[in-house]
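Student: A single structure is presented below for examination.
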Amino acid sequence: MIANYWWNKKDTYKIHWVKWDTLCDSKRDGGLGFRDLDSFNTALLAKQAWRILSRPDSLISRVLRAKYFPNHDLLEAPLGPKPSLTWRSIWGSIHTLQSGLRWRVGDGNTIHIWGDKWLPRSHNFLVSTPPSLLPANATVSALIDDDLGIWNRDLIFSCFSEEEAAAILSIPLGNRVFTDSLIWHFDRSGSFTVRSAYRLIRELKAAAREALTGGPSVRQIRNWDWIWKLHVPPKVKHFVWSCCSGSIPVRSQLRHRNVTEEASCLRCGCEEETTIHCLYSCTYARQIWALSELPYSSYSSDSSDIESWFNQVRKNLDSKDFGFFSSLCWWIWFSRNKLMWEDRDTQPQILVNSVRGFHRRFVASRSITPSTASNRSNLHWIPPSSNYIKINFDAAVGNSGDGVAETTAALRAVQFAIESGWQRIILEGDCLNVIKGIVIREASLSSVGCILEEIKVLCRSFSSFSACHTIRENNRAAHELARLAYLDSCFYPVLPSAVLEIVLSELSLI
Ligand SMILES: [Zn+2]
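Numbering-wise (the numbering used here), the sequence shown opens with residue 37 and increments by one.
Take a look at the structure:
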């Protein structure tokens, strides 16, 4: 129904140029991000399954367990004879829930090293290195040093492949009283979300499709984010997307689909009308490009593939000129349709002048207003009220930030306050997830839950404690200190001059 609405105009049947499944791919992967209702429904049902799993004492959990799986866990429950529609639907989504569940290590007593899903990596949570030094039924607690409460590195490196050992050592270990728990891997909070489950279902479907067709994945090759980041009106972005996805109804495409016999160009009549001919090699298009004042070397090409042409031009032009280039493409196509359906042609010089004017006005309307820029320059650290001590924290972790570094930085800040004997504390950082994790009362299911719980326990020793989030511009000193320490791989005994400068400049603004 949605596909019909998208392709058809005024209740007439039109060609569906791109298949529905591709339209449901994300915009980055070459689709339009339409919602695949079947996958979305499964994600909603999986949310119900998660609720039954995470709230075993709720009424619905107790009723369904008593009727359908009194002797099993939910994840191993059978469908059973004569299931109700409710149970059948929820049961059908359990496999989705299973694909995203893994164990979060607490004391490691209930997780089997081999057979249970517990490695924090994106594709497979199971250990694949076969057992050697440890028995096959060993639990994860065997890998933890009992006295120190840290991973036994030597044992881990001798038992697992390098990649798996690194994954294990990346798991934070907190207080050993912390028990193991099942979490949803695909959301930072560790709790199930419909959005992450929907994305997972789509990825699993695409992987299954690619396994059937074989060859390199089109989704891995494509990265069409650049289309949606163009500085042009939405209709031009959609036009560029249509060109790249082969859905412009040029005559060669129409003949390919047996709509017409005629495939020669409407204007010059001497070549087949393909998208690249219409936009680049046709005499009319060449006149437009010559008048555009874009350098010839930036758009000249002998490629017959429109996507390669766009990619080539994109490398040669800056974003503003490429926006102008994309708008010209749209207008060449618009002008071709005017000629075809209304028998009205536009002179190349008039067309180029109009597009230049439109594009200039569009860019001017989107530029940042001076008032916003000056507001940002006024941002600075805000001091606490009297008798309070504010501690700002931050961490720098290259590209692999998963919250462990930021949470550990918050823990270190709290420990520092205790060591210093301070009592009235405000903890401030720019990582919203960490602050949320500290503020909420319930135990966090995130992978850094054990560190967050440790912070909460330590905070009880203060006479007054609060944690608040700020934007990065107000946390510059901590941010810069973390960045420098990460680059130099060292701990500074005295404040580096770059950080001292920030502190002094912010003090002068207070
Ligand atoms: Zn032509």
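Heads up, the beta-carbon is just placed ideally off N, CA and C, and yes, glycines get one too. Since the structure is predicted, the reported quantities are computational estimates derived from the model, not experimental observations.
Going by alpha carbons, who is nearest to Gln451 out of Ile491, Val470, Asn428, Gly473?
Tutor: Answer by Cα proximity: Ile491.
Student: Can you look up Lys426 in the DSSP assignment and give me helix, strand or coil?
Tutor: Lys426 falls in the strand class under three-state DSSP.
Student: Check whether the segment 305-318 touches the segment 49-68, counting contact only when three or more Cβ pairs, one atom from each stretch, lie closer than 8 Å.
Tutor: No: fewer than three Cβ pairs fall under 8 Å.
Student: Cβ-heavy atom distance between Arg303 and ligand 1 below 7 Å?
Tutor: Yes, the beta carbon of Arg303 sits closer than 7 Å to at least one heavy atom of ligand 1.
Student: Cα-Cα, which of Gly473, Glu509, Leu327 is closest to Val440?
Tutor: Out of Gly473, Glu509, Leu327, Gly473 has the C-alpha closest to the C-alpha of Val440.
Student: What residues are listed by DSSP as bridge partners for Leu136?
Tutor: The sequence as given places Gly at residue 136; Leu does not occur at that position. Answer is none; Gly136 lacks a bridge partner.
Student: With respect to the alpha helix (DSSP H) encompassing Glu112, which residues constitute its N-terminal and C-terminal limits?
Tutor: Unbroken run through Glu112: none, as it is neither H nor E.
Student: Taking the beta strand (DSSP E) that Trp260 falls in, what are its first and last residues?
Tutor: No beta strand (DSSP E) holds Trp260; DSSP gives it neither H nor E.
Student: So, with DSSP's three-state summary, where would you put Glu308?
Tutor: Of the three classes helix, strand and coil, the one that applies to Glu308 here is strand, per DSSP.
Student: Would you kindly report the start and end of the unbroken beta strand (DSSP E) that includes Ser217?
Tutor: That run of the beta strand (DSSP E) goes 217-220.
Student: By how many angstroms is the C-alpha of Val176 removed from the C-alpha of His148?
Tutor: Rounded to whole angstroms, His148 to Val176 spans 6 Å at the Cα level.
Student: If you run the structure through DSSP and keep just helix, strand and coil, what is Asp181?
Tutor: Three-state result, Asp181: strand.
Student: Compute every distance between the C-beta of His313 and the non-hydrogen atoms of ligand 1, then say whether any falls below 7 Å.
Tutor: The answer is yes for His313.
Student: Along the chain, where does the alpha helix (DSSP H) containing Cys365 start, and where does it finish?
Tutor: Where Cys365 is concerned, the enclosing alpha helix (DSSP H) stretches over 355-378.
Student: Along the alpha helix (DSSP H) that carries Phe503, what are the first and last residues, could you check?
Tutor: The question names Phe, but residue 503 is Ala in the sequence shown. No alpha helix (DSSP H) contains Ala503, which is instead part of the beta strand (DSSP E) from 500-505.
Student: My parser needs the alpha helix (DSSP H) runs of 4 or more residues fully inside the segment 66-94; what are they?
Tutor: Complete alpha helix (DSSP H) runs here, min 4: 73-90.
Student: The beta strand (DSSP E) with Glu464 in it runs from where to where?
Tutor: Its beta strand (DSSP E) spans residues 460-465.
Student: For my contact list, Gly349 and Ser333 are in at a C-beta cut-off of 8 Å; report their separation, rounded to the angstrom.
Tutor: As written in the sequence, residue 349 is Val, which differs from the Gly given in the question. Actually they do not touch by this definition, with Cβ atoms about 10 Å apart.
Student: Within 8 Å, do at least three Cβ pairs link the segment 380-394 to the segment 325-332?
Tutor: Contact holds: three or more Cβ-Cβ distances are below 8 Å.
Student: Measure from the alpha carbon of Arg397 to the alpha carbon of each residue in Asn428, Ile427, Lys356, Asn373, then state which is nearest.
Tutor: Minimum Cα distance to Arg397 is reached at Lys356.
Student: Going by DSSP in three states, Ser541 sits in which element: helix, strand or coil?
Tutor: Helix at Ser541.
Student: Taking just the CA atoms, how far does Leu133 sit from Ala39?
Tutor: Distance between the alpha carbons of Ala39 and Leu133: 29 Å.
Student: Between which residues of its own chain and Glu298 is the CB-CB distance below 8 Å, once the five residues before and five after are set aside?
Tutor: Excluding sequence neighbours, Glu298 sits near Arg287, Arg291.
Student: Got a sec? Which residues, its chain only, sit under 6 Å from Phe105 by beta carbon, not counting five neighbours each side?
Tutor: Cβ neighbours of Phe105 beyond the five flanking positions: Ala113.
Student: If Gly465 sits next to Phe498, beta carbons under 8 Å apart, how far is it from one beta carbon to the other, in whole angstroms?
Tutor: Between Phe498 and Gly465 the Cβ distance is about 17 Å, and since that is not below 8 Å, they are no contact.
Student: Just verifying my parser: in three-state terms, what is the DSSP assignment at Ser328?
Tutor: DSSP places Ser328 in coil when its eight states are reduced to three.
Student: From this set, Ile425, Arg477, Tyr424, Asp109, which residue's C-alpha is nearest Pro92's C-alpha?
Tutor: Measuring from the Cα of Pro92, the nearest candidate turns out to be Asp109.
Student: Are the Cβ atoms of Ile192 and Ala201 separated by less than 8 Å?
Tutor: The answer is yes: Cβ separation under 8 Å.
Student: Could you tell me whether any non-hydrogen atom of ligand 1 is closer than 7 Å to the CB of Glu307?
Tutor: Yes, the Cβ of Glu307 comes within 7 Å of a heavy atom of ligand 1.
Student: Consult DSSP for Trp277 and reduce its assignment to one of helix, strand or coil.
Tutor: Correct three-state label for Trp277: helix.
Student: Going by the C-beta, is Thr310 closer than 7 Å to any heavy atom of ligand 1?
Tutor: No, since every heavy atom of ligand 1 falls outside the 7 Å radius drawn around the Cβ of Thr310.
Student: So, do the segment 451-463 and the segment 492-512 have three or more beta carbon pairs nearer to each other than 8 Å?
Tutor: They touch, by the three-pair rule.
Student: Is any heavy atom of ligand 1 found at a distance shorter than 7 Å from the C-beta of Thr296?
Tutor: Not so, every heavy atom of ligand 1 lies at least 7 Å from the Cβ.
Student: By the three-class DSSP mapping on this structure, what secondary structure does Thr296 have?
Tutor: Note: Thr296 maps to coil in three-state DSSP.
Student: Hey, is Cys60 close to ligand 1, as in C-beta under 7 Å from one of its heavy atoms?
Tutor: Flag unset: Cβ of Cys60 not near ligand 1.
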